[in-house]
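Participant: Have a look at this one before I ask anything.
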Amino acid sequence: MTPLADLIPQLLTATLETLNMVAVAVLFCAVFGLSLGSWLAVTSPQGIAPSSVIHQLLAAFANISRSIPFLILIVLLLPFTRFLVGTSIGTAAAIVPLVIGGTPYAARLVEAALLDVDPGLIQAVVTLGASPAQAIWKVYLPEAIPGLIRAFTVLAITMINFSAMAGAVGGGGLGDLAIRYGYQRFRLDVLALCCIVLIVLVQLIQFAGNHLARQLDRR
Amino acid sequence: MPAAPPAILVRGLTKRFASQSAPALDAVDLEVPVGAIHGVLGLSGAGKSTLLRCIARLEQPDAGEIIVAGSDWTRLTSSQLRRERGRLGIVFQQLHLLSSRTVAANVALPLELSGTSRAAIAARVAELLEWFGIADKAAQYPAQLSGGQRQRVALARALATSPRVLLADEPTSALDPETRTSVLNTLRRIREQLGVTILIITHDLYSAATICDMLTVLDAGRVVESGSAVQVLNHPSTEITRRLLAHTNSPVTAPSIVSHTDYDVLGQP
């Protein structure tokens, strides 16, 4: 049996793979989630340009993709992933379902953060002559920054969780390592070590997110 | 002398809400002459807020006209309305300053929205902050200011686009007496030095008595009394105005007020 110490380099590689997957996925999810979430917030009944048709369509899209279990989404997306990155295994391939699974989730978090901005404030800015687009760029987004940071913290932690599942089907990272050693070779020590690293990562992300949100909160 | 067109003219303004059987506003007429400080008084639920929201075009009235600086705001398309909004400054009761922006950036906002050049914005903001005595607060955030300072930031922002008319929603409620006096003095200076016509919506009779020339009393969505402040306060012709006077914690009878106004509010001999 390989001594645990000899597996440390593998553990490091796996940690970096996880961080890589999560960072890239969060970046894409944030960009897509911000646009989709802004549309959801603006067209919602409490938004500045309420449109039930657009809102219902976007909400349906966000809900349908969120209702498919992530493990099944990965399998469903295999052909698309292969088309996009040329392979269906490895870190790059895992990012595709992470982004597609994470975007509607991010959009709902962004929507909630934006709708948390005082509607009276938005109305006041409308009376100052703001168009809906200006209201989003100059009021909704800047005023919601602490809320958005908190939303993206939750998103990053969810992505770590999702990335472990992607690992299970050959996506690399800590999930992959934990399954290969812990599940297939009964190495409970490796499994435990992976879990410890994951716990530390989540704690660090949550701490950093809370700190940043507090720093940027001018209220 | 031919009369100048009024700064704000409201005619037959009616607004109904689906949830209520009685209209929130019932054929309200209001004329605010240029240079006046005009108060709209009423108890809670009289329709003051709805009137403000209709004039600010946050509500679509069911009938009537709202003529601000010569154009009927009920007939404008939304993009026309956005361009016209710079002609009417509004200060809300909750001020609604942006917590993520500094004092200077808050005051700059309406100018940014109208596409004013950076240099012109900087010059105008500096001028306004100086005028309101908050130049030293330019780089601070609203949360770091006192209530009176925040009020001045909101007034500076409302006047950034040099409107000729200012709409003030309960400008003195929830303020301590000292801050209230300071805000009322600032409003008076705005009228006297900047020549801005002011419409104040309030239930605070003290403020109304202190600075308003004209008063309109609303009850159940209708104008029940309208006239000079002296006449309305000294010779209330309706029960509702008498009730309003009676419900005030009698600062109206404080002699100091008389010295604050050009009018003999108390009907002294």
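Order-wise, the sequence lines are chains A and U. Using this note's numbering, the first residue of the first sequence is number 20, and each one after it goes up by one. Using this note's numbering, the first residue of the second sequence is number 609, and each one after it goes up by one. For glycine and all other residues, C-beta sits at the position ideal for the given N, C-alpha and C. Given the structure is predicted, the values throughout are model-derived calculations rather than measurements.
1. Leaving out five residues before and five after leucine 231 of chain A in sequence, what residues of the same chain have Cβ atoms less than 7 Å from its Cβ?
2. So, does the CB of proline 69 of chain A fall closer than 7 Å to a CB anywhere in chain U?
3. For asparagine 793 of chain U, count neighbouring C-beta atoms within 10 Å of its own C-beta (all shown protein chains included) and say buried if the count is 16 or more, exposed if not.
4. Measuring only the C-alpha atoms, how far is proline 138 of chain A from glutamine 702 of chain U?
5. If we cut at 7 Å on Cβ distances, does threonine 146 of chain A have a partner in chain U?
6. Hey, would you say isoleucine 67 of chain A sits closer than 7 Å to proline 151 of chain A, going by beta carbons?
7. In the DSSP assignment, what are the bridge partners of serine 150 of chain A?
8. Is threonine 805 of chain U near glutamate 778 of chain U, with beta carbons less than 7 Å apart?
9. Excluding the 5 residues flanking alanine 644 of chain U on each side, which residues of the same chain have their C-beta closer than 7 Å to its C-beta?
10. Roughly how many angstroms separate the alpha carbons of tyrosine 749 of chain U and leucine 46 of chain A, rounded to a whole number?
11. Can you tell me which of the three DSSP states isoleucine 674 of chain U falls into?
12. Have a look at the DSSP bridge pairing and note the partners of valine 636 of chain U.
13. Whole-angstrom Cβ separation of glycine 650 of chain U and leucine 795 of chain U, contact assumed at under 8 Å?
14. For arginine 797 of chain U, name the three-state secondary structure that DSSP assigns.
15. I'd like to check one pair, glycine 829 of chain U with leucine 621 of chain U: are the Cβ atoms closer than 7 Å?
16. In whole angstroms, give me the CA-to-CA distance for alanine 728 of chain U and alanine 183 of chain A.
17. Give the DSSP bridge partners of isoleucine 806 of chain U, in chain order.
18. Expressed to the nearest angstrom, what Euclidean distance is found between the alpha-carbon atoms of isoleucine 865 of chain U and leucine 807 of chain U?
19. Output, in sequence order along the chain, the residues in the stretch 677-702 of chain U whose CB is closer than 7 Å to any CB in chain A.
20. Indicate the three-state DSSP secondary structure (helix, strand or coil) for valine 873 of chain U in the structure shown.
21. How close, in whole Å, do the beta carbons of threonine 34 of chain A and leucine 193 of chain A come, if the pair is a contact with beta carbons under 8 Å?
22. If I follow the unbroken beta strand (DSSP E) through serine 834 of chain U, where does it start and stop?
23. Please report whether the beta-carbon of serine 708 of chain U lies at a distance below 7 Å from any beta-carbon of chain A.
24. Give the DSSP-derived three-state secondary structure of threonine 824 of chain U in the structure shown.
25. With valine 761 of chain U as the anchor, note down where its beta strand (DSSP E) starts and where it stops.
26. Pull up the distance between the alpha-carbon of valine 699 of chain U and that of leucine 763 of chain U, whole angstroms please.
27. Count the CB pairs spanning the stretch 75-89 of chain A and the stretch 108-120 of chain A that are closer than 8 Å, and state whether there are at least three.
28. Mind reading off the beta-carbon distance from phenylalanine 80 of chain A to proline 123 of chain A? Whole number of angstroms is fine, and I expect it under 8 Å.
29. Less than 7 Å between the beta carbons of alanine 163 of chain A and alanine 132 of chain A, yes or no?
30. Going along chain A in order, which residues have a C-beta closer than 9 Å to the C-beta of leucine 767 of chain U?
31. List the residues of chain A whose Cβ lies closer than 7 Å to the Cβ of alanine 751 of chain U, in chain order.
32. Find out if the Cβ-Cβ distance for the pair proline 718 of chain U, alanine 768 of chain U is shorter than 7 Å.
33. Apply the 10 Å Cβ neighbour rule to asparagine 714 of chain U and answer buried if 16 or more other Cβ atoms are within range, or exposed otherwise.
34. Give me, in chain order, the residues of the same chain whose beta-carbon lies closer than 8 Å to that of isoleucine 249 of chain A; leave out the 5 immediate sequence neighbours on both sides.
35. May I ask you to report which of helix, strand or coil DSSP gives isoleucine 141 of chain A?
36. Alpha helix (DSSP H) containing leucine 666 of chain U: first to last residue?
Facilitator: With the structure as the only source:
1. If you number the first sequence from 1, residue 231 of chain A lands on position 212. Correct list, in chain order: Ile168.
2. Taking the first sequence and counting its residues from 1, the one referred to as residue 69 of chain A is at position 50. Not one beta carbon of chain U lies nearer than 7 Å to the beta carbon of proline 69 of chain A.
3. Residue 793 of chain U sits at position 185 when you count from the first residue of the second sequence. Within 10 angstroms of the beta-carbon of asparagine 793 of chain U lie fewer than 16 other beta-carbons, which makes it exposed.
4. Residue numbering aside, residue 138 of chain A sits at position 119 when the first sequence is read from its first letter. Residue numbering aside, residue 702 of chain U sits at position 94 when the second sequence is read from its first letter. Their backbone Cα atoms lie some 12 Å apart in a straight line.
5. Position 127 of the first sequence holds residue 146 of chain A. With 7 Å as the cut-off, threonine 146 of chain A counts as an interface residue toward chain U.
6. In the first sequence, the residue the question calls residue 67 of chain A occupies position 48. In the first sequence, the residue the question calls residue 151 of chain A occupies position 132. Less than 7 Å separates the beta-carbon of isoleucine 67 of chain A from that of proline 151 of chain A.
7. Along the first sequence, read from residue 1 onward, the residue named residue 150 of chain A stands at position 131. DSSP lists no partner for serine 150 of chain A.
8. For the purposes of this step, residue 805 of chain U is taken as residue 197 along the second sequence, with counting starting at 1. For the purposes of this step, residue 778 of chain U is taken as residue 170 along the second sequence, with counting starting at 1. Not in contact: threonine 805 of chain U and glutamate 778 of chain U (Cβ atoms no closer than 7 Å).
9. Start at 1 with the first residue of the second sequence, and residue 644 of chain U comes out as number 36. Result list for alanine 644 of chain U: Thr805, Asp821, Met822, in chain order.
10. Stepping through the second sequence from its first residue, residue 749 of chain U is reached at position 141. Stepping through the first sequence from its first residue, residue 46 of chain A is reached at position 27. Tyrosine 749 of chain U and leucine 46 of chain A have their C-alpha atoms spaced approximately 30 Å apart.
11. Here the question's residue 674 of chain U lines up with position 66 in the second sequence. Isoleucine 674 of chain U: strand per DSSP, three-state reduction.
12. For the purposes of this step, residue 636 of chain U is taken as residue 28 along the second sequence, with counting starting at 1. The secondary-structure analysis by DSSP pairs valine 636 of chain U across a beta bridge with U/Leu621.
13. Here residue 650 of chain U corresponds to residue number 42 of the second sequence, with the count starting at 1. Here residue 795 of chain U corresponds to residue number 187 of the second sequence, with the count starting at 1. The C-beta separation of glycine 650 of chain U from leucine 795 of chain U comes to about 19 Å, leaving the pair out of contact by the 8 Å criterion.
14. Residue 797 of chain U sits at position 189 when you count from the first residue of the second sequence. Note: arginine 797 of chain U maps to helix in three-state DSSP.
15. Counting from 1 along the second sequence, the entry for residue 621 of chain U is found at position 13. Counting from 1 along the second sequence, the entry for residue 829 of chain U is found at position 221. The beta carbons of leucine 621 of chain U and glycine 829 of chain U sit no closer together than 7 Å.
16. Within the second sequence, residue 728 of chain U is the residue found at index 120, counting from 1. Within the first sequence, residue 183 of chain A is the residue found at index 164, counting from 1. Between alanine 728 of chain U and alanine 183 of chain A, the C-alpha separation is close to 54 Å.
17. Your numbering for residue 806 of chain U matches position 198 in the second sequence. For isoleucine 806 of chain U, the beta-bridge partners assigned by DSSP are U/Ile645, U/Leu774.
18. As a first step, residue 865 of chain U is located in the second sequence; it is residue number 257 there, counting from the start. As a first step, residue 807 of chain U is located in the second sequence; it is residue number 199 there, counting from the start. Bear in mind that a pLDDT of 38 at isoleucine 865 of chain U, under 50, signals an unreliable position, so the model cannot answer this.
19. Within the stretch 677-702 of chain U, the qualifying residues are Arg690, Arg693, Gly694, Ile698, Phe700, Gln702.
20. Position 265 of the second sequence holds residue 873 of chain U. Annotation note: pLDDT 37 at valine 873 of chain U (below 50); position unreliable, no value reported.
21. As a working mapping, residue 34 of chain A is identified with position 15 in the first sequence. As a working mapping, residue 193 of chain A is identified with position 174 in the first sequence. With a beta-carbon spacing of about 6 Å, threonine 34 of chain A and leucine 193 of chain A fall inside the 8 Å limit used to define contacts.
22. Position 226 of the second sequence, counted from the first residue, corresponds to residue 834 of chain U. 830-836 is the extent of the beta strand (DSSP E) around serine 834 of chain U.
23. Counting from one through the second sequence, the residue named residue 708 of chain U turns up at place 100. Yes, its Cβ sits closer than 7 Å to a Cβ of chain A.
24. The residue labelled residue 824 of chain U in the question sits at position 216 within the second sequence. Looking at threonine 824 of chain U - three-state DSSP - the assignment turns out to be strand.
25. Along the second sequence, read from residue 1 onward, the residue named residue 761 of chain U stands at position 153. Valine 761 of chain U: not part of any beta strand (DSSP E); member of the alpha helix (DSSP H) spanning 755-766, first to last residue.
26. Mapped onto the second sequence, residue 699 of chain U falls at position 91. Mapped onto the second sequence, residue 763 of chain U falls at position 155. Cα to Cα, valine 699 of chain U sits roughly 6 Å from leucine 763 of chain U.
27. At 8 Å Cβ cutoff, the stretches touch.
28. Counting from one through the first sequence, the residue named residue 80 of chain A turns up at place 61. Counting from one through the first sequence, the residue named residue 123 of chain A turns up at place 104. Right, the Cβ-Cβ distance comes to about 7 Å (below 8 Å), so this counts as a contact.
29. Counted from its first residue, the first sequence places residue 163 of chain A at position 144. Counted from its first residue, the first sequence places residue 132 of chain A at position 113. A contact, by the Cβ cut-off of 7 Å.
30. On the second sequence, residue 767 of chain U is found 159 positions in, with the first residue counted as 1. Here the premise fails: no neighbours, minimum Cβ distance about 11 Å.
31. Translated into the one-based positions of the second sequence, residue 751 of chain U becomes position 143. What alanine 751 of chain U touches in chain A: Arg237, Arg238.
32. Counting from one through the second sequence, the residue named residue 718 of chain U turns up at place 110. Counting from one through the second sequence, the residue named residue 768 of chain U turns up at place 160. With respect to alanine 768 of chain U, proline 718 of chain U sits close: the two C-beta atoms are nearer than 7 Å.
33. Position 106 of the second sequence holds residue 714 of chain U. Buried.
34. No answer is possible for residue 249 of chain A: the residues shown for chain A start at 20 and end at 238.
35. Taking the first residue of the first sequence as 1, we reach residue 141 of chain A at position 122. DSSP places isoleucine 141 of chain A in helix when its eight states are reduced to three.
36. Residue numbering aside, residue 666 of chain U sits at position 58 when the second sequence is read from its first letter. In this chain, leucine 666 of chain U is not harboured by any alpha helix (DSSP H), its DSSP state being neither H nor E.
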